[in-house]
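Enquirer:
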Amino acid sequence: MTRTNWILLAGSLLILIFVLIRKSRHAAERQRRHRVSAIAYQWPDNAANYGYYIKIDNDTVVNQRYIPAINARIPFSSQSDAQKTGDWIARHLVQTPHQLPAISIKDLDSLGIQHP
Numbered sequence: 647m648t649r650t651n652w653i654l655l656a657g658s659l660l661i662l663i664f665v666l667i668r669k670s671r672h673a674a675e676r677q678r679r680h681r682v683s684a685i686a687y688q689w690p691d692n693a694a695n696y697g698y699y700i701k702i703d704n705d706t707v708v709n710q711r712y713i714p715a716i717n718a719r720i721p722f723s724s725q726s727d728a729q730k731t732g733d734w735i736a737r738h739l740v741q742t743p744h745q746l747p748a749i750s751i752k753d754l755d756s757l758g759i760q761h762p
């Protein structure tokens, strides 16, 4: 083999090793990630009201009975509104894990959530 071939072979092996190391790191990161989910529910004491839970793995970390971001204690009027808001919060928990998720009235409007 010529010197050029050896250099190409060594370079290819280094690239292969680099790719394998990166893949193993990504696999380990995926295993460390937690499962975040939003679950809408109907209030047990009032069938016309809805809220949502945010769960990380199997632990409930949020129990939101009222529409967030408004200055009143008003429950969601539909399961769909509660689910959309919960999904939004869950998505932001995943995307920005070191920040508390905060939803604004503008965000609620963009989701089509009914609120006063």
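Under this note's numbering, think of the first position of the sequence shown as 647, with each following residue one higher.
C-beta: ideal position from N, C-alpha, C; glycine also.
As the structure is a prediction and not an experimental result, all values here were calculated from the model.
Tell me, please, which residues DSSP counts as bridged to Pro721.
Expert: Tyr712, per the DSSP bridge assignment.
Enquirer: How is the beta strand (DSSP E) around Asp702 delimited, first residue to last?
Expert: Residue identity check: residue 702 is Ile in the sequence provided, not Asp. 696-702 is the extent of the beta strand (DSSP E) around Ile702.
Enquirer: Assign Trp734 to buried or exposed, taking buried as 16 or more other Cβ atoms, counted over all protein chains shown, within 10 Å of its Cβ.
Expert: buried
Enquirer: For Leu746, tell me which candidate among Trp652, Val707, Tyr698 has the shortest Cα-Cα distance.
Expert: Val707
Enquirer: With Ser750 as the anchor, note down where its alpha helix (DSSP H) starts and where it stops.
Expert: From DSSP, Ser750 is part of no alpha helix (DSSP H); its letter is neither H nor E.
Enquirer: Would you report the Cα separation of Tyr699 and Gln688, rounded to the nearest angstrom?
Expert: Cα to Cα, the separation comes out at about 11 Å.
Enquirer: Check whether the Cβ of Trp652 lies closer than 7 Å to any heavy atom of the ligand NAD, and answer yes or no.
Expert: Of the ligands one can find in the structure shown there are none, so the ligand NAD has no counterpart to examine.
Enquirer: Could you tell me which residues DSSP puts in a beta bridge with Ser683?
Expert: Lys701
Enquirer: Taking the alpha-carbon positions, what's the Lys730 to Asp705 distance?
Expert: Here the alpha carbons of Asp705 and Lys730 stand approximately 20 Å from one another.
Enquirer: Please name the residue in Gly758, Ala748, Ile702 whose C-alpha comes closest to that of Ser724.
Expert: Gly758
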